[in-house]
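Input: a single structure, listed below in structure tokens.
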């Protein structure tokens, strides 16, 4: 036994040495062995001794449960590059070369790195050099299979070529014995004689049992059956169209199969049993019973499956995020939690830090513990990490996207899409969102770009049901006028609505009786100064009586034990005003005041000097002492955090907030009040959409404390909203997740620097292209079938038609003629003379596949619009009329490609059969008529005959009567019979040439448009050529119809092939033109040269905001002669979001005027260049503003903050945000200076950053310190 154990260890150490990477040191337990074995020299002798083994493969032993070697497996040795050249997850780790590199930069990666290979690349195995594909169908488990206890993380990509010996589970009697094969000898006897023992037959390779495939493991690219649609025949067409081809779009799948990459989970007993079995070994245990959607989420994550969770606010989605982080800690991997706003990141950092400990925070202005296993960050930071090939990505197991519905944000929504597309395949995804109607569709898109199933778990259940009320109270007498309109079950209460309506009517009547001197009017007119000149009169204008309304509402709610209360007001100024006007109210006890005073002092203590005495600080302190507070973007960040913490503790009873507060965490209230359900979104004043209302109303109801949450809508207008309006806002369908993806210059530069990535791949997999991506596999299959069909088309072997492609030439000439004719008639109708020619009573020759008309003579009844006319045609009998009407209905339902093909087919056949102006014969007996709408493009020719006094109204009335079945056999009136007879007569005259039509030459004389005259000349020329007897000999072939049919079939397939090729190409992408235009801008400006990123482009890659403008400013030396304060003022124009509402002017020849002119001159030049290529320089939300230049200049010069506030009307929070973003830009410019090799610029930007990073603007977050 002792010898066997020694032999086993000996072999294991030998194999480990042979497979150890050349760049890594030999393990100590090997290098310390007896020198006689010379293991310590193996690393130095690899080139001479082990070269035959090192090159082709790695050898990994398979160890059974008893610790014995049961066999060996060989893995192909993959050659990987560095972080600068290879996208492989197994590439060599990136080593920072710069001495200036911080831990943060190490986390964010380097612009010189290429990204890790994104999960969307279908040829991932080929790009990484792996020829063998995983047996699990490309799912997630081939990367991280934590559900298999025997895997022991063997498949984690980060382990590279170092393989952990696999433990073979002991065989069980009930399991089928897996046959084994004799392992092939390892041919290394020339190197080490002791390895000859490996040739023994006692050691076999144990194969893993082949498990049956689950439904989700079925390959996504399995053949999809395409069903041919029914043929559509058009009556009265020649024989050569008796077998028409219906183009048909790619046949869509059944509704249940449409979103094949999304799996919607429903509650099932099996899942409950599985969860019960899992509970003892859960990665994180909870002191409460998890809801169904939480349990399902835990099970999915335990199986290593990505998921999309849609639930209402406060439903408990945070539990899902916590469990993903707990799994990473259990697996010794890393997790990233992303949020849409920095404030939410700070809050989550505090919460997760208390739970897990090993948590870091990385945002634009703060970095704490970037080496932690769990990182909290904004989505923009994660995008930078992905583009820059951060080493964190290698260890990443889970990414949690919170507030995914933020993807609808116009300004930043595209960032979510970029991140989802760029994530490597081994990273699993948790998406948390409010309830949205198309969560399955969105999950299917994510699943397609990641090539995996996404579980969708949604719930409409609220932990605390909501009840919705209307409040119409105005004074003490109407203080209790609160009416329930929707109960906890979501049922609309009509009685409550009617009572509210009656109450509002009585209030209006009372106010009218009181006049302008009335009680309410007097208070509203003078109290807040709002309401303008409408202080008198009957209408109860919003804001006129706010103080009275809120005093009574708060008192009533306080008595009803409905505090704390959040009041949503959609204006920062009105939030401040509302809080100030209630200065007479006091809602806190003396004990609570002492707690607030102490906590406030502790938080403000970190501020320096005069910052503690800022007006906003003092005002907020007084508000909080009385139980009131304000929360919006104009409040200083540290004060917002003080308010949030006090609100959580229950000391703030009334909080006036804008809608951004609804995105906070753990901020439930007893009651939520809407000051209005109207808001101004920056473009227009509109109603809240259901998603916005639900997000804010969801703050009502404290889980475990309240049985229901109360939501109140204040009715300030003279009338309350209509019932349908309220139903839609309160319980209507939330907004769908929609793509806001756009092509940015930063994205183009970052992707162009990576040779293996194409920007078209990114565009093709954006959410805006989800429909075409879903159809791409079917289209690829259809393309293969069409190409095969094209190869099988029989060639036309005919001495008349085949030589020199004569039949094809005639076909192309006819197509050109009919297409030009269809395009020219709508233009001719715009000419006054021709428009009068096409008046009621004119006889025309028309063609229309829709109405089964082919070169038929009709009577024009009237012009319907500029694109179509109504005509009267004749039929053999009423049955034919009815049949044609039915066919017309069927035709209109065909796909657009079918309609276009059949329309062209009809026109071509009419021309080949009857000539360019020929007319079809009318039936011998005419017993019925039809009224049809014909597009102007269907006109073949205009006769020179017309009749007057056509009674269009009478004709239409009689026609409609005949369409009723019981009147179908009714006699046609005499006047219409005469019209039918005239049509027959004119048709015969046109056929016999007794009656002429207007030639193209005659029509040209009626045109005043010179371009249109040229077009009519071309029509005349091609028509003359088509009518020449000897022009196209193929027309005289005895089998012309058959040969033409074969040719049309070939053309049909060719077009289908071209159409499918176009649909699958990058040219069909919706954003293709935008990308090409922006690429031309980059090329013209020198950022890109021959599709390669230039040095100028590399500078642009370092900039994350206004990259083109800042790069041009750097290279134009706009920074070098400026002082740090001047540079801060200059860069503030790029980060300012405050708009004073008027044009900013500066003193001539002042430094601000110079800065303004220099920025404007560069921007004008860039915009001029971009306009040449139909593009823009600035993206949404990136406008240049000069409003805070002087403020930032003084701040950089050391001016105290309280003095700065005397210079501007801008709110404190907006100034702080501008300066914080300015600091991020300074860091980008500093890094760009290093790329250029400009140490002076680097030093100057560090000086700018140092001059602005002080005092209250960069006060530490309470969430990161308290």
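Residue numbers (our numbering): 1043 to 2308.
Heads up, the beta-carbon is just placed ideally off N, CA and C, and yes, glycines get one too.
- Query: Which first and last residues belong to the alpha helix (DSSP H) in which residue 2224 is found?
  - Reply: Indexing the chain shown from 1 puts residue 2224 at position 1182. First-last for residue 2224: undefined, no H or E at that position.
- Task: Within its chain, find whatever has a CB closer than 8 Å to the CB of residue 2079; leave out the 5 residues flanking it on each side and keep chain order.
- Result: Here residue 2079 corresponds to residue number 1037 of the chain shown, with the count starting at 1. Residues of the same chain with a CB within less than 8 Å of the CB of residue 2079, apart from the 5 flanking positions on each side, are 1840, 1842, 1843, 1849, 2085 in chain order.
- Item | Continuous alpha helix (DSSP H) assignments of at least 4 residues falling wholly in the stretch 1857-1885 | Correct list: 1874-1879.
- If residue 1126 and residue 1155 are in contact, beta carbons under 8 Å, what's the gap, nearest whole angstrom? In the chain shown, counting from the first residue as 1, residue 1126 sits at position 84. In the chain shown, counting from the first residue as 1, residue 1155 sits at position 113. Correct: roughly 6 Å between the Cβ atoms.
- Could you tell me whether the stretch 1374-1394 touches the stretch 2295-2306, using the rule of 3 or more Cβ pairs below 8 Å? The stretch 1374-1394, when compared against the stretch 2295-2306, does touch it at the 8 Å Cβ threshold.
- DSSP-derived helix/strand/coil call for residue 1136: Counting from one through the chain shown, the residue named residue 1136 turns up at place 94. In the structure shown, residue 1136 sits in coil (DSSP, three-state: anything other than H, G, I, E or B).
- Task: Taking the CB atoms as reference points, tell me whether residue 1015 and residue 1157 lie closer together than 7 Å.
- Result: Absent from the model: residue 1015. The displayed extent of the chain is 1043 to 2308, so no value can be given.
- Message: With a threshold of 6 Å on Cβ separation, who are the neighbours of residue 1287 within its own chain once the five nearest residues in sequence on each side are excluded?
- Response: In the chain shown, residue 1287 corresponds to position 245, counting from 1. Here residue 1287 scores only 34 on pLDDT, less than 50, and its place in the model is too uncertain to base an answer on.
- Kindly give me the distance between the Cβ atoms of residue 1791 and residue 2279, rounded to whole angstroms, as I take these residues to be in contact under 8 Å. Translated into positions along the chain shown, residue 1791 becomes position 749. Translated into positions along the chain shown, residue 2279 becomes position 1237. The pair is not a contact, with the Cβ atoms about 19 Å apart (cut-off 8 Å).
- Query: If you follow the alpha helix (DSSP H) that residue 1522 is part of, which residue opens it and which one closes it?
  - Reply: In the chain shown, the residue the question calls residue 1522 occupies position 480. Premise fails: residue 1522 is in no alpha helix (DSSP H) and is neither H nor E.
- Item | Identity of the residues DSSP links to residue 1115 by a beta bridge | By one-based count along the chain shown, residue 1115 stands at place 73. According to DSSP, which records beta bridges pairwise, residue 1115 is partnered with 1102.
- Query: For the stretch 1715-1730 against the stretch 1632-1652, are there 3 or more C-beta pairs whose distance is under 8 Å?
  - Reply: Judged by Cβ distances under 8 Å, the stretch 1715-1730 makes no contact with the stretch 1632-1652, as fewer than three pairs qualify.
- Message: Which complete alpha helix (DSSP H) runs does the stretch 1435-1503 hold, if anything under 4 residues is left out?
- Response: If we require 4 residues or more, the alpha helix (DSSP H) runs fully inside the stretch 1435-1503 come out as 1455-1464, 1481-1492.
- Query: Mapping DSSP to helix, strand and coil, what is residue 2193?
  - Reply: Residue numbering aside, residue 2193 sits at position 1151 when the chain shown is read from its first letter. Helix, per DSSP.
- Through-space distance from residue 1479 to residue 2240, alpha-carbon basis: Locating residue 2240 in the chain shown gives position 1198, counting from the first residue. Locating residue 1479 in the chain shown gives position 437, counting from the first residue. If you take the alpha carbons of residue 2240 and residue 1479, they lie about 52 Å apart.
- Message: So for residue 1371, helix, strand or coil by DSSP?
- Response: Sequence index remark: in the chain shown, residue 1371 carries index 329 (1-based). Reduced to three states, the DSSP call for residue 1371 is helix.
- Message: Tell me which residue opens and which closes the alpha helix (DSSP H) that residue 985 is part of.
- Response: No answer is possible for residue 985: it lies beyond the span of the chain, which begins at 1043 and ends at 2308.
- Message: If the criterion is Cβ atoms closer than 7 Å, does the pair residue 1506 and residue 1743 meet it?
- Response: The residue given as residue 1506 occupies position 464 in the chain shown. The residue given as residue 1743 occupies position 701 in the chain shown. Yes.
- Task: Identify the continuous beta strand (DSSP E) that holds residue 1896 and give its terminal residues.
- Result: Here residue 1896 refers to the residue found at position 854 when the chain shown is read from its first residue. Where residue 1896 is concerned, the enclosing beta strand (DSSP E) stretches over 1895-1905.
- Message: Give me the DSSP bridge partner(s) of residue 1511.
- Response: For the purposes of this step, residue 1511 is taken as the residue at position 469 of the chain shown. Bridge pairing for residue 1511: 1526, 1754 [DSSP].
- Query: What residues in its chain sit with their C-beta under 6 Å from that of residue 1890, if we drop five residues either side in the sequence?
  - Reply: What you label residue 1890 is simply residue 848 of the chain shown in a count that begins at 1. Only 1976, 1980 meet the Cβ criterion.
- Starting from the Cα of residue 2155, find the closest Cα among 2064, 2191, 2274 and give me that residue. Here residue 2155 corresponds to residue number 1113 of the chain shown, with the count starting at 1. Of the listed residues, the one whose Cα sits closest to residue 2155 is 2274.
- Task: Please report how far the alpha carbon of residue 1801 lies from the alpha carbon of residue 2267, in whole angstroms.
- Result: The sequence position of residue 1801 within the chain shown is 759, counting from 1. The sequence position of residue 2267 within the chain shown is 1225, counting from 1. In a straight line, the C-alpha of residue 1801 is about 26 Å away from that of residue 2267.
- Message: Tell me the DSSP secondary structure of residue 2074 in three-state form.
- Response: On the chain shown, position 1032 is the one that residue 2074 refers to. Reduced to three states, the DSSP call for residue 2074 is coil.
- Message: As a quick exercise: from 1783, 1393, 1318, pick the residue whose alpha carbon is nearest that of residue 1448.
- Response: The residue you call residue 1448 lines up with position 406 of the chain shown. Check the Cα spacing between residue 1448 and each of 1783, 1393, 1318: the tightest is with 1783.
- Message: Within 10 Å of its beta-carbon, does residue 1999 have 16 or more other beta-carbons around it, so buried, or fewer, so exposed?
- Response: Here residue 1999 refers to the residue found at position 957 when the chain shown is read from its first residue. Its Cβ having fewer than 16 others within 10 Å, residue 1999 is exposed.
- Item | CA nearest to the CA of residue 1317, picked from 1612, 1329, 1339 | The residue you call residue 1317 lines up with position 275 of the chain shown. Distances from the CA of residue 1317 to each of 1612, 1329, 1339 were compared; the closest alpha carbon is that of 1339.
- For residue 1441 and residue 1418, believed in contact at Cβ under 8 Å, the rounded distance: Against the chain shown, residue 1418 aligns to sequence position 376. Against the chain shown, residue 1441 aligns to sequence position 399. Between residue 1441 and residue 1418 the Cβ distance is about 12 Å, and since that is not below 8 Å, they are no contact.
- Message: Considering just the uninterrupted stretch of the beta strand (DSSP E) at residue 1975, what are its terminal residues?
- Response: By one-based count along the chain shown, residue 1975 stands at place 933. Element bounds for residue 1975: 1970-1977.
- Message: What does the alpha-carbon distance come out to for the pair residue 2311 and residue 2116?
- Response: The structure shown does not extend to residue 2311, since the chain is modelled only from 1043 to 2308, so the question has no answer here.
- Task: Run the CB neighbour count on residue 1536, radius 10 Å, all protein chains shown included, and call it buried at 16 or more, exposed below.
- Result: Counting from one through the chain shown, the residue named residue 1536 turns up at place 494. Result: exposed.
- Any idea what DSSP makes of residue 2214, helix, strand or coil? Along the chain shown, read from residue 1 onward, the residue named residue 2214 stands at position 1172. When secondary structure is reduced to three states using DSSP, residue 2214 falls in the helix class.
- Item | Segment limits, alpha helix (DSSP H) that includes residue 1340 | Taking the chain shown and counting its residues from 1, one reaches residue 1340 at position 298. 1334-1344 is the extent of the alpha helix (DSSP H) around residue 1340.
- Mark residue 1826 as exposed unless 16 or more other C-beta atoms lie within 10 angstroms of its C-beta, in which case mark it buried. Taking the first residue of the chain shown as 1, we reach residue 1826 at position 784. By the neighbour-count rule (16 or more Cβ atoms within 10 Å), residue 1826 is not buried but exposed.
- Message: Nearest by alpha-carbon distance to residue 1656: which of 2243, 1776, 1808 is it?
- Response: Locating residue 1656 in the chain shown gives position 614, where the first residue counts as 1. Each of 2243, 1776, 1808 was checked against the Cα of residue 1656, and the nearest Cα belongs to 2243.
- C-alpha gap between residue 1300 and residue 1808, whole angstroms: Taking the chain shown and counting its residues from 1, the one referred to as residue 1300 is at position 258. Taking the chain shown and counting its residues from 1, the one referred to as residue 1808 is at position 766. For residue 1300 and residue 1808, the distance between alpha carbons rounds to 18 Å.
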